[in-house]
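In my numbering, the protein residues as written are 5 to 457.
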Amino acid sequence: MDLMTDATGEERSSPASGSEAAAAFAASGGMDELFAQIDAGEIELTGSDGFIPALIKAALERGLQAELTDHLGYDKGAPEAPFFTNSRNGATSKTMRSQVGEFELATPRDRDGTFTPKLVPKGSRRLGGLDDMIISLYAGGMTVRDIEHHLATTIGTELSRETISKITDEVAEEVTAWQRRPLEAFYPVIYLDAIVVKVRDGAHVGNRSAHIAVGVDMEGIKHVLGIWVQATEGAKFWAGVCADLANRGISDVLIVCCDGLTGLPEAIEATWAAATVQTCVVHLIRAAMRFVNYKDRKAVAKALKPIYTAADADAARAAFETFKASELGIKYPHAVATWENAWERFIPFLAFPPMLRRVIYTTNSIESLNYQLRKIIKNRGHFPSDEAVIKLLWLAICNIEDKRARQRAKEKGRPPAERKAPGRLVEGQIVTNWKQALAQLAIAYPDRINPHL
Numbered sequence: 005m006d007l008m009t010d011a012t013g014e015e016r017s018s019p020a021s022g023s024e025a026a027a028a029f030a031a032s033g034g035m036d037e038l039f040a041q042i043d044a045g046e047i048e049l050t051g052s053d054g055f056i057p058a059l060i061k062a063a064l065e066r067g068l069q070a071e072l073t074d075h076l077g078y079d080k081g082a083p084e085a086p087f088f089t090n091s092r093n094g095a096t097s098k099t100m101r102s103q104v105g106e107f108e109l110a111t112p113r114d115r116d117g118t119f120t121p122k123l124v125p126k127g128s129r130r131l132g133g134l135d136d137m138i139i140s141l142y143a144g145g146m147t148v149r150d151i152e153h154h155l156a157t158t159i160g161t162e163l164s165r166e167t168i169s170k171i172t173d174e175v176a177e178e179v180t181a182w183q184r185r186p187l188e189a190f191y192p193v194i195y196l197d198a199i200v201v202k203v204r205d206g207a208h209v210g211n212r213s214a215h216i217a218v219g220v221d222m223e224g225i226k227h228v229l230g231i232w233v234q235a236t237e238g239a240k241f242w243a244g245v246c247a248d249l250a251n252r253g254i255s256d257v258l259i260v261c262c263d264g265l266t267g268l269p270e271a272i273e274a275t276w277a278a279a280t281v282q283t284c285v286v287h288l289i290r291a292a293m294r295f296v297n298y299k300d301r302k303a304v305a306k307a308l309k310p311i312y313t314a315a316d317a318d319a320a321r322a323a324f325e326t327f328k329a330s331e332l333g334i335k336y337p338h339a340v341a342t343w344e345n346a347w348e349r350f351i352p353f354l355a356f357p358p359m360l361r362r363v364i365y366t367t368n369s370i371e372s373l374n375y376q377l378r379k380i381i382k383n384r385g386h387f388p389s390d391e392a393v394i395k396l397l398w399l400a401i402c403n404i405e406d407k408r409a410r411q412r413a414k415e416k417g418r419p420p421a422e423r424k425a426p427g428r429l430v431e432g433q434i435v436t437n438w439k440q441a442l443a444q445l446a447i448a449y450p451d452r453i454n455p456h457l
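Written out as structure tokens, the structure is:
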């Protein structure tokens, strides 16, 4: 317990935290008898008949009685009670659900019906921590059915699927506010990538693409700009996405790196006329490899490397023609066609120096996020709506970043060699060697970069 100085200059003990008070009580021996009963299996800690729910019940009821005393203006049984117009009027019992189990809570009443408890508000039947637990389980990929079973079997709390759904839906306003928040006027680079999800549409379940956009601001910091579920054909969908980003404040983008998405280049050029659309080179290589036998993949990958590492577009074209005329190029015409069809969207990054190429040639920075999201949604059969997809992905991103932040906080102060906690996944991450890349962008786009420096 720390010492603090009061207004008179004298030292006095500061209040101990709950954990400190519990540790001190245990050390004093006051809990030895209780520990012995727990060890003997005579007392359950959690569940409807558990010690911890009973302790919470006792603490809450004591607090509610104190609130009522404050509301009435006199203590229970006080001699002056008859002189007050309002008085106690028994209690109403209701079932409370918590992280450690269910319990019956007696909420005191007053005769005038004017008492409004703050500790446990009227109509509330769940303690706040339980809602947080449910949202965390949902963000971790558990379905409503899974959460219902988990709560019943682990802490003895029975909640209907409808109630669990309502709890997770409470974050809908936060998701909407996030999806509509104002954005910076200028992003040097935006990455776009997608994961496939199953969504119910009437009586049918079909595949849809959930697209995630990550923008790099002038400080080189990455931000998840939004999530959109593609339900319409390419051109119309991307026109809506670009309009959404523009309406939220983005007036200019230098480079958009994506995976050859149909309709996106036209939508970008209609929204930000000077923007460059760059096909992700890694996606392009993967697309070409779909037509290559496994035993030839290493050889084809080696033959393709001179194309995307060429000094400029002319050198890349010469390397491509060499591959096209080679034995492997003749053997796999579909791989050749894949590069041919994407050529105009592949070559823009070749106009930049190596440091900048590393920043814009691939969407890998967003693919690592998508990899984590796929692990979360893999156990789900399908989503009931597009909104449910966006809600889960947003919660999952928040959950992943929060978990990593907690791990880093635990290792704070340790020598760098002893730190094993992962860095930021995407949100708030700084692009490697961004200052050098920004300097090269300033040379390539002086009129568009300088106003924002």
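Don't be surprised by glycine CBs; every beta carbon is placed ideally from N, CA and C.
Item to complete: List in chain order: all unbroken alpha helix (DSSP H) runs of 4+ residues lying wholly within the region 294 to 356.
Response: 301 to 312, 317 to 329, 331 to 335, 337 to 350
Worksheet entry | Proximal residues to P352 (C-beta, below 7 Å), its chain only, five neighbours per side dropped | T280, Q282
Worksheet item: So, using beta-carbon positions, are N93 and R113 closer together than 8 Å?
Response: yes
Worksheet item: In chain order, what residues of the same chain lie with their CB nearer than 7 Å to the CB of W168, ignoring the 5 residues before and after it?
Response: Inspection of the sequence shows that residue 168 is occupied by Ile rather than by Trp. A distance below 7 Å between beta-carbons, with the five flanking residues on each side excluded, links I168 to the following residues of its chain, in chain order: I138, V148, I151, E152.
Worksheet entry | alpha helix (DSSP H) segment containing I404, residue limits | 390 to 414
Item to complete: Measure the CB-CB distance between V175 and F387 and report whether it falls below 8 Å.
Response: no
Worksheet entry | CB contact flag (I370, I216, <8 Å) | yes
Worksheet item: Closest by CA to R204, which one among V393, K328, D451?
Response: V393
Practice prompt. Have a look at G417 and P269 and give me their C-alpha separation to the nearest angstrom.
Written response: 47 Å
Practice prompt. For I380, write down the residues that DSSP places opposite it in a beta bridge.
Written response: Answer by DSSP bridge pairing: none, since I380 is not bridged.
Worksheet item: Does the Cβ of L360 have 16 or more other Cβ atoms within 10 Å, making it buried, or fewer, making it exposed?
Response: buried
Worksheet item: How should E348 be labelled, buried or exposed, when 16 other C-beta atoms within 10 angstroms of its C-beta is the threshold for buried?
Response: exposed
Worksheet item: The alpha helix (DSSP H) spanning Q183 covers which residue range?
Response: 176 to 183
Fill in: Rounded straight-line distance, which links the Cα of V285 to that of R321
15 Å
Discussion item. Let me check one thing: in DSSP terms, what residues is T99 bridge-paired to?
Written reply: E108
Worksheet item: What is the C-beta distance between W438 and V179, in whole angstroms, given that I count them as a contact (C-beta under 8 Å)?
Response: Actually they are not in contact, since the Cβ atoms of W438 and V179 sit about 29 Å apart, beyond 8 Å.
Worksheet item: Between the Cα of W182 and the Cα atoms of K240, N90, L249, L288, which residue gives the shortest distance?
Response: L249
Item to complete: Can you have a look at D451 and say buried or exposed, based on whether 16 or more other CB atoms are within 10 angstroms of its CB?
Response: D451 counts as exposed, since fewer than 16 other beta carbons sit within 10 angstroms of its beta carbon.
Worksheet item: When the Cα atoms are used, what is the spatial distance from N374 to A278?
Response: 29 Å
Item to complete: Tell me whether the beta-carbon of A305 lies closer than 8 Å to the beta-carbon of T342.
Response: Between A305 and T342, the C-beta spacing is not below 8 Å.
Discussion item. I want to know whether the region 424 to 436 touches the region 405 to 413 - three or more CB-CB distances under 8 Å.
Written reply: yes
Worksheet item: DSSP on I254, reduced to helix/strand/coil?
Response: The three-state reading of DSSP puts I254 in coil, since its state is none of H, G, I, E or B.
Practice prompt. Would you mind reading off the limits of the alpha helix (DSSP H) that contains K170?
Written response: 165 to 173
Fill in: Residue from H287, I434, A441, L442 whose Cα sits closest to the Cα of L265
Each of H287, I434, A441, L442 was checked against the Cα of L265, and the nearest Cα belongs to H287.
Fill in: Among P186, T172, V228, nearest to G2 - alpha-carbon criterion
The structure shown does not extend to residue 2, since the chain spans only 5 to 457, so no value can be given for it.
Discussion item. In the DSSP output, what is Q234 paired with across the bridge?
Written reply: S213
Discussion item. Between I199 and R378, how many whole angstroms is the CB-CB distance? I'm expecting something under 8 Å.
Written reply: 6 Å
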